[in-house]
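Heads up, the thing below is written out as structure tokens.
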Amino acid sequence: MAVGGGVGPGNGANYEGKVTPFVVIACMVAATGGLIFGYDIGISGGVTSMDEFLEKFFPSVYAKQKDASGHESQYCKFENHILTLFTSSLYLAALVASFFASATTQRFGRKISMTLGGSIFLIGAILNGAAVNVEMLIIGRLLLGVGIGYANQSVPVYLSEMAPAKLRGAMNIGFQMCTTIGIFAANLVNYGTSKMKENGWRVSLALAAAPALIMTIGAIFLPDTPNSMIQRGQADEAKSMLKKIRGTEAVDAEYNDMLEASEASKLVKQPWKTIMERKYRPQLVITCLIPFFQQLTGINVIMFYAPVLFKTLGFGDDASLMSAVVTGLVNVFATIVSIFTVDKFGRRALFLEGGIQMLICQIGVGSLIASVFGISGEGHFSGAKGNLALALICFYVAAFAWSWGPLGWLVPSEIHPMETRSAGQSMNVSINMFFTFVIGQLFLSMLCHLKFGLFFFFGGWVLIMTLFVYFFLPETKNMPIEEMNRVWKAHWFWGKYIPEDAVGLGHTRKDNDV
1 MAVGGGVGPG
11 NGANYEGKVT
21 PFVVIACMVA
31 ATGGLIFGYD
41 IGISGGVTSM
51 DEFLEKFFPS
61 VYAKQKDASG
71 HESQYCKFEN
81 HILTLFTSSL
91 YLAALVASFF
101 ASATTQRFGR
111 KISMTLGGSI
121 FLIGAILNGA
131 AVNVEMLIIG
141 RLLLGVGIGY
151 ANQSVPVYLS
161 EMAPAKLRGA
171 MNIGFQMCTT
181 IGIFAANLVN
191 YGTSKMKENG
201 WRVSLALAAA
211 PALIMTIGAI
221 FLPDTPNSMI
231 QRGQADEAKS
241 MLKKIRGTEA
251 VDAEYNDMLE
261 ASEASKLVKQ
271 PWKTIMERKY
281 RPQLVITCLI
291 PFFQQLTGIN
301 VIMFYAPVLF
311 KTLGFGDDAS
321 LMSAVVTGLV
331 NVFATIVSIF
341 TVDKFGRRAL
351 FLEGGIQMLI
361 CQIGVGSLIA
371 SVFGISGEGH
381 FSGAKGNLAL
391 ALICFYVAAF
401 AWSWGPLGWL
411 VPSEIHPMET
421 RSAGQSMNVS
431 INMFFTFVIG
441 QLFLSMLCHL
451 KFGLFFFFGG
461 WVLIMTLFVY
471 FFLPETKNMP
481 IEEMNRVWKA
491 HWFWGKYIPE
501 DAVGLGHTRK
511 DNDV
């Protein structure tokens with residue numbers, strides 16, 4: 001067994017059923033929740049690089065950017081804490097909202113959380129598009145954050161519960177796929193609106209209403225998951241839904257496992273206290289560290305500030321926005337790679353390959369910037385070196401897009417038993433949003449003070465997280481979601497935390513029947 005390995009892919013229960021058009025359509029509609037997350041990530045950097053936007057709301061940044069003296073450090077030209085607050089305030093709101101979303105998801109179901117999240121995001125988009133001052137911008141951003149907190153808490157759980165075990169990875173990555181499409185669409189919108197003589201930034205911000213409408217209307221017509229129905233006392237409806245999504249009448253084995261998991265979850269009155277117990281230690285540690293590490297890859301600073309970063313590297317206005325479009329397109333295609341490989345090669349293989357590739361690219365970008373700007377921050381990229389920097393960033397984005405991007409949402413959503421699943425996913429979202437806020441708020445200052453060393457800083461963290469995956473993350477592909485304790489029990493390190501009875505008598509019975 002590999003150092004971080006677990007049980008083999010054939011050791012889980014083999015439930016009856018097939019991949020039905022109904023479950024595919026339901027998962028595709030639910031995955032559109034990623035559109036609002038992606039659109040916001042992509043739109044922020046483009047808007048904050050637009051002269052009209054900066055001149056209206058952040059005149060000091062605009063003046064610094066237009067400084068013609070030649071003595072302004074390229075590293076520091078966009079440093080402004082209010083400007084970064086515009087970008088990062090959303091993620092602080094998402095952090096707080098994710099805790100309320102946990103209670104909503106558990107009590108009222110996954111689809112209610114998705115509908116509510118889309119509606120609130122829609123209001124925030126309208127406010128941002130109509131903003132007349134910084135305060136209105138920030139309030140709109142906070143509402144966008146609440147919407148994202150609800151969507152990111154409910155959508156990955158919905159996808160993991162609806163999908164059959166053998167395709168859970170691919171279907172869950174639909175969320176990340178929609179996130180990348182949202183980023184790419186936002187980059188295209190920014191490129192187009194930058195050509196407008198006035199109010200281009202308003203159009204960019206207001207068009208966030210489009211993905212919000214898609215998600216909200218889609219969620220209204222979605223069925224809820226059988227797991228959620230059972231959890232809320234709708235056992236008969238749950239069995240009918242399970243038959244419908246699996247395309248067979250022979251669902252008793254999977255249905256009984258859900259009932260067993262639900263009965264165990266009913267004994268838990270305080271999931272936030274329960275998740276801290278020793279027998280949930282593996283899930284707790286992974287759920288905390290995966291989103292923490294995901295943000296310390298440095299990816300969101302690339303996606304938030306891609307146009308700003310490319311401007312810093314000496315690209316012109318159009319070239320910087322077009323470069324962001326290129327990285328967005330790479331992001332989409334690389335995510336498609338993960339959809340077709342995650343259930344074939346497994347989570348660990350993608351994590352490890354992606355980590356090594358990101359590390360190489362970050363060392364390359366840092367070294368390249370050091371050779372041009374040095375410590376002083378004065379200098380200019382030649383066309384050849386600028387294209388090399390863009391290529392390295394694209395290889396870096398590709399590595400993230402088939403590893404830490406989708407898997408950062410997939411793995412935490414699939415490892416928890418029912419009794420801690422909503423709390424665990426809220427913890428995943430809140431930690432992700434907290435560190436997104438911290439990194440987003442500090443990035444431009446870190447670029448100013450760490451200079452090219454910023455890329456080595458993130459590279460060091462990528463090395464640490466890759467080693468962590470190698471030693472401590474077991475393989476979870478093809479394992480039914482209600483049997484995941486078997487993975488932890490078989491792991492060389494985590495096995496000692498899982499009591500024998502947590503693996504489940506029902507699962508032992510099935511194994512003896514084989």
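Position 476 of the sequence shown, counting from 1, maps to 476 under the UniProt record's numbering, and the rest follow consecutively. Ideal Cβ placement from N, Cα and C applies to all residues, glycine included. Please read all numbers here as calculations on a predicted model, not as lab measurements.
Distance check for residue 51 and residue 38, CA to CA, integer angstroms please. Sequence index remark: in the sequence shown, residue 38 carries index 38 (1-based). Sequence index remark: in the sequence shown, residue 51 carries index 51 (1-based). Approximately 23 Å between the Cα atoms of the pair.
Determine, using beta carbons only, whether residue 448 comes closer than 8 Å to chain D. Checking the listed chains, one finds no chain D in this structure; it contains a single protein chain.
In chain order, what residues of the same chain lie with their CB nearer than 6 Å to the CB of residue 43, ignoring the 5 residues before and after it? The count along the sequence shown starts at 1 and reaches residue 43 at position 43. Within the same chain, and ignoring the five residues on either side of residue 43 in sequence, the residues whose Cβ sits closer than 6 Å to its Cβ are 186 and 204.
Please state the DSSP three-state secondary structure of residue 200. Residue numbering aside, residue 200 sits at position 200 when the sequence shown is read from its first letter. Of the three classes helix, strand and coil, the one that applies to residue 200 here is helix, per DSSP.
How long is the line joining the alpha carbons of residue 47 and residue 40, rounded to whole angstroms? Residue 47 sits at position 47 when you count from the first residue of the sequence shown. Residue 40 sits at position 40 when you count from the first residue of the sequence shown. One Cα belongs to residue 47, the other to residue 40, and the distance between them is close to 11 Å.
Grab me the residues of residue 106's own chain with a C-beta within less than 6 Å of its C-beta, minus the 5 sequence neighbours each way, in chain order. Looking up residue 106 in the sequence shown gives position 106. Around residue 106: 422.
Does the region 92-109 come into contact with the region 416-435, if we say contact requires no fewer than three beta-carbon pairs (one atom in each stretch) closer than 8 Å? The region 92-109, when compared against the region 416-435, does touch it at the 8 Å Cβ threshold.
Just tell me which of 125, 332, 61 and 103 has its CA closest to the CA of residue 173. Taking the first residue of the sequence shown as 1, we reach residue 173 at position 173. Per the Cα distances, 332.
Under 8 Å by Cβ, that's how I've got residue 58 and residue 83 pegged, so tell me the actual separation to the nearest angstrom. Numbered from 1 along the sequence shown, position 58 holds the residue referred to as residue 58. Numbered from 1 along the sequence shown, position 83 holds the residue referred to as residue 83. Contact flag correct, Cβ pair sits at about 5 Å.
Report all residues from its chain with a CB closer than 8 Å to the CB of residue 32; omit the five preceding and five following residues, and keep chain order. Translated into positions along the sequence shown, residue 32 becomes position 32. Within the same chain, and ignoring the five residues on either side of residue 32 in sequence, the residues whose Cβ sits closer than 8 Å to its Cβ are 178, 211, 214, 215 and 218.
Mind checking which residues open and close the alpha helix (DSSP H) that includes residue 272? In the sequence shown, residue 272 corresponds to position 272, counting from 1. Run containing residue 272: 271-274, per the alpha helix (DSSP H) assignment.
Determine the closest residue to residue 90 out of 60, 61, 478 and 437, with distance taken between C-alpha atoms. In the sequence shown, the residue the question calls residue 90 occupies position 90. Ranked by how close their Cα comes to the Cα of residue 90, the residues 60, 61, 478 and 437 have 437 in first place.
Using only alpha-carbon positions, find the residue among 175, 209, 128 and 409 that is nearest to residue 140. Translated into the one-based positions of the sequence shown, residue 140 becomes position 140. Of 175, 209, 128 and 409, the residue nearest in Cα terms is 128.
Closest Cα partner of residue 349 within the set 273, 403 and 390: For the purposes of this step, residue 349 is taken as residue 349 along the sequence shown, with counting starting at 1. Nearest option by C-alpha distance: 403.
Validate contact between the region 409-419 and the region 157-169 using beta carbons, cut 8 Å, 3 pairs: The region 409-419 and the region 157-169 touch, with no fewer than 3 CB-CB distances between them shorter than 8 Å.
Residue 495: which of 478, 473 and 480 sits nearest, CA to CA? Translated into the one-based positions of the sequence shown, residue 495 becomes position 495. It is 473.
If we call anything under 8 Å between Cβ atoms a contact, is residue 292 one with residue 365? Here residue 292 refers to the residue found at position 292 when the sequence shown is read from its first residue. Here residue 365 refers to the residue found at position 365 when the sequence shown is read from its first residue. In this structure, residue 365 does not lie closer than 8 Å to residue 292 by Cβ.
State the DSSP-derived secondary structure class of residue 156, mapped to helix, strand or coil. Counting from 1 along the sequence shown, the entry for residue 156 is found at position 156. Note: residue 156 maps to helix in three-state DSSP.
Should the region 333-343 be regarded as contacting the region 456-475, the criterion being three or more beta carbon pairs within less than 8 Å? Proximity of the region 333-343 to the region 456-475 falls short of the contact definition, fewer than three beta-carbon pairs being nearer than 8 Å.
For residue 374, is the classification buried or exposed, using 16 other Cβ atoms within 10 angstroms of its Cβ as the cut-off for buried? By 1-based counting over the sequence shown, the position of residue 374 is 374. Its Cβ having fewer than 16 others within 10 Å, residue 374 is exposed.
Same chain only: Cβ atoms within 7 Å of residue 115, ignoring 5 sequence neighbours per side: Indexing the sequence shown from 1 puts residue 115 at position 115. Taking residue 115 as the centre and dropping the five residues before and after it, the same chain places the C-beta of 216, 219 and 220 closer than 7 Å to its C-beta, in chain order.
So, for residue 16: in the same chain, excluding its five sequence neighbours on each side, which residues have a beta-carbon less than 6 Å away from its beta-carbon? Position 16 of the sequence shown, counted from the first residue, corresponds to residue 16. Short of 6 Å from the beta carbon of residue 16, and not among the five residues preceding or following it, lie these beta carbons of its own chain, in chain order: 248 and 250.
Where residue 506 falls: helix, strand or coil (DSSP): As a working mapping, residue 506 is identified with position 506 in the sequence shown. Residue placement at residue 506 is poorly supported in this model, since its pLDDT is 40, which falls under 50; the coordinates still yield a value, given next. In the structure shown, residue 506 sits in a helix (DSSP, three-state: H, G or I).
Which complete alpha helix (DSSP H) runs does the region 331-408 hold, if anything under 4 residues is left out? If we require 4 residues or more, the alpha helix (DSSP H) runs fully inside the region 331-408 come out as 347-373 and 383-401.
Using the C-alpha atoms, what's the distance from residue 234 back to residue 302? Along the sequence shown, read from residue 1 onward, the residue named residue 302 stands at position 302. Along the sequence shown, read from residue 1 onward, the residue named residue 234 stands at position 234. Computed Cα separation, rounded: 45 Å.
Going by DSSP, what residue range makes up the alpha helix (DSSP H) through residue 189? The residue given as residue 189 occupies position 189 in the sequence shown. Looking at the DSSP string, the run of the alpha helix (DSSP H) that includes residue 189 is 168-193.
According to DSSP, simplified to helix, strand and coil, what is residue 286? Reading the sequence shown from its first residue, position 286 is the one you call residue 286. Of the three classes helix, strand and coil, the one that applies to residue 286 here is helix, per DSSP.
Between the beta-carbon of residue 35 and the beta-carbon of residue 181, is there less than 8 Å? The residue labelled residue 35 in the question sits at position 35 within the sequence shown. The residue labelled residue 181 in the question sits at position 181 within the sequence shown. It is a contact, given that the beta carbons lie within the stated cut-off.
Report yes if the CB atom of residue 481 is closer than 8 Å to the CB atom of residue 414, and no otherwise. Here residue 481 is taken as the residue at index 481 of the sequence shown, counted from 1. Here residue 414 is taken as the residue at index 414 of the sequence shown, counted from 1. Annotated as proximal: residue 481 and residue 414, with beta-carbon spacing under 8 Å.
Between residue 126 and residue 206, how many whole angstroms is the CB-CB distance? I'm expecting something under 8 Å. In the sequence shown, counting from the first residue as 1, residue 126 sits at position 126. In the sequence shown, counting from the first residue as 1, residue 206 sits at position 206. Cβ atoms of residue 126 and residue 206 come within 8 Å of each other, at about 7 Å.
How should residue 132 be labelled, buried or exposed, when 16 other C-beta atoms within 10 angstroms of its C-beta is the threshold for buried? Residue mapping note: residue 132 aligns to position 132 of the sequence shown, counting from 1. It is exposed - the Cβ of residue 132 has fewer than 16 other Cβ atoms within 10 Å.
Member of 416, 370, 445 and 45 whose CA lies at the smallest distance from the CA of residue 486: Here residue 486 is taken as the residue at index 486 of the sequence shown, counted from 1. If we check each option's Cα against that of residue 486, 416 comes out closest.
Can you give me the C-alpha to C-alpha distance between residue 198 and residue 76, rounded to a whole angstrom? Residue numbering aside, residue 198 sits at position 198 when the sequence shown is read from its first letter. Residue numbering aside, residue 76 sits at position 76 when the sequence shown is read from its first letter. Each residue's alpha carbon lies about 27 Å from the other.
What are the boundary residues of the alpha helix (DSSP H) that includes residue 125? On the sequence shown, position 125 is the one that residue 125 refers to. 110-129 is the extent of the alpha helix (DSSP H) around residue 125.
Can you tell me where the alpha helix (DSSP H) holding residue 49 begins and where it ends? The sequence position of residue 49 within the sequence shown is 49, counting from 1. Here residue 49 belongs to no alpha helix (DSSP H), and DSSP marks it neither H nor E.
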